[in-house]
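Read through the structure below, which is laid out as structure tokens, and then see the notes.
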Amino acid sequence: MADNTATKPETAPEPRSGSSTTSTTLNAEGNAGKTTIASSVVQKVSGIAAGEVSGVYALGGGVSRAFGAIRERIPGSGTVTTSGVSVEVGEKQAAVDLDLVVEYGARIVDVAKAVRRNVISTVEQITGLDVIEVNIAVNDIHVPEEDDGEENTSRVE
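Laid out in structure tokens, this is it:
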């Protein structure tokens, strides 16, 4: 991950274009002041936006979900919305990588398109950064019967 913060102009976002200019306007008046957006903010917004999509069961791979489950049980640690989400944030742009677990029966291609659309629109709306890509890796399929079987089956009493 290249940067921890992003500088964002206080003006409306620039329209997308093929050219990559690097000029930065500090604010509407052109005088002192700038806004920075931490990569953790983009990471959290991306995680929440991905989780809102129907068909997404969880974010993260097996190991990150296991650590997340342990972390959620620790008082004061809060919820894990950034598990399975990594971002690169520049001055005007952001790139997002997501690891997903999809519900069994959901069409993975459609879920991925919906996640990509929701993440791009939400991150751009909230942060004003231009999201240049959202890479999605589907690491697992959640089968509801697996949850029931784990709770009821015990090898010992």
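So for the sequence shown, UniProt numbering puts the first residue at 1; every next one is plus one. All residues carry an ideal CB built from backbone N, CA and C; glycine is no exception. The model shown is predicted, which means the values in this text are computed figures rather than measured ones.
Can you tell me which residues form a DSSP beta bridge with D110? Paired residue(s): none; D110 is not in a bridge.
At least three beta-carbon pairs within less than 8 Å, the segment 101-117 to the segment 35-44: no
Segment limits, beta strand (DSSP E) that includes V45: Here V45 belongs to no beta strand (DSSP E); instead the alpha helix (DSSP H) covers 39-51.
Given a threshold of 16 other Cβ atoms within 10 Å of its Cβ, counted over all protein chains shown, does A50 qualify as buried or as exposed? buried
Anticipated Cβ contact below 8 Å, S83 with D97, distance rounded: Between D97 and S83 the Cβ distance is about 13 Å, and since that is not below 8 Å, they are no contact.
For T82, three-class secondary structure by DSSP: coil
Let me confirm a value: A112 is counted as buried when at least 16 other C-beta atoms fall within 10 Å, else exposed. Which label applies? It is buried - the Cβ of A112 has at least 16 other Cβ atoms within 10 Å.
Terminal residues of the beta strand (DSSP E) in which Y57 lies: 56-59 is the span of the beta strand (DSSP E), which, as asked, contains Y57.
Looking only at DSSP bridge pairs, what is T127 linked to? Looking at the DSSP assignment, T127 forms no beta bridge with any residue, so it has no partner.
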